[in-house]
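Below is one structure, written out as structure tokens, with a few remarks after it.
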Amino acid sequence: MSTPPLFFLDYVPLVDVVLLTGDEGRHAGQVLRVRAGEALNLSDGRGALLECVVREVRPDGVVLRVGSRSTVPVPRPRLTVVQALPKGDRGELAVATMTELGVDAVVPWQASRCVTQWVGARSAKSLDKWRRTAREAAKQSRRPHVPKLAPLMSTAEVVALLAETSALVLHESADEPLATCALPDVDEFVLVVGPEGGITEEELAAFASVGARAVRLGSPVLRTSTAGVAALAALSVRLGRWT
246 MSTPPLFFLD YVPLVDVVLL TGDEGRHAGQ VLRVRAGEAL NLSDGRGALL
296 ECVVREVRPD GVVLRVGSRS TVPVPRPRLT VVQALPKGDR GELAVATMTE
346 LGVDAVVPWQ ASRCVTQWVG ARSAKSLDKW RRTAREAAKQ SRRPHVPKLA
396 PLMSTAEVVA LLAETSALVL HESADEPLAT CALPDVDEFV LVVGPEGGIT
446 EEELAAFASV GARAVRLGSP VLRTSTAGVA ALAALSVRLG RWT
């Protein structure tokens, strides 16, 4: 049996009948062409989940009968990826795929060797695009949790973030493999993914100074938009999030 399609609301109303309107209502009624009697789920993107049945499709939206309500907990440990800015649209690709795999938060990082620069109005526009990408990917993968997208961080700000939690830094020259490195029992992990040009020695030293460990994925050198996805999948298995 396939999972019912998921649609997002800004908040979950405490009523038994919901009218799904706007873009979400048009998507359900005009794109997916849902019909009366079909199952459909609603969420606020923060874990609330309403299992509904379509009662009526109207020009202004879809009328839903709420069947049950639940709250889906965030998996433990929580996984945050610090993603150096990729070139072109690879940033959105990385965010979309990591969202599908279950990332809980993404932090854009302006690393020293990033070709892409988020400056001025471009920073807000690009961050908004990443946030919309995460929301759409969560919707597509039926996730009631939309990953949080933090504002762009400098290296100093990333160092401060890593000082507060357990962190792993992907680096092709690291001695320790991600597949077998020791993983402490913590509530949150942060994974740092460098840019296409690599993480500088100064950045590595700054991360190491607050306890972040460098690990490697394997012999292939992956693009920055791929490395985080591969590492996230490996960590999800090792940490029991996919059991």
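The C-terminal residue of the sequence shown carries number 488 in the numbering used here, and the numbering is unbroken. Just so you know, even glycine gets a beta-carbon here, dropped at the ideal spot from N, CA and C. In this text the structure is predicted, and so the values were computed from the model without any measurement.
- Cβ atoms of S481 and L346 come within 8 Å of each other, at about 7 Å.
- DSSP, reduced to helix, strand and coil, places W354 within a strand of the structure shown.
- According to the DSSP secondary-structure assignment, G306 is paired through a beta bridge with R303.
- Going by beta carbons, S357 and L397 fall outside the 8 Å limit.
- Taking the Cα of V348 as reference, the smallest distance to any Cα among V302, T266, R380 is reached at R380.
- Looking at the DSSP output, M398 sits in a beta bridge with W354.
- DSSP places T266 in no alpha helix (DSSP H); its state is neither H nor E.
- Counting only the Cα atoms, A479 lies some 27 Å from T361.
- At the C-beta level, G306 and G333 stay beyond 8 Å of one another.
- Going by beta carbons, A395 and A350 fall inside the 8 Å limit.
- Counting C-beta atoms within 10 angstroms of its own C-beta, P331 has 16 or more neighbours from the protein chains shown and is therefore classed as buried.
- DSSP, read as helix, strand or coil, puts G312 in strand.
- For T488, no alpha helix (DSSP H) encloses it, and the DSSP letter there is neither H nor E.
- About 5 Å separates the Cβ atoms of G473 and V326, confirming a contact at the 8 Å cut-off.
- For V404, the secondary structure class from DSSP, reduced to helix, strand or coil, is helix.
- The shortest CA-to-CA distance from P392 to any of G290, V437, A419, R468 is the one to G290.
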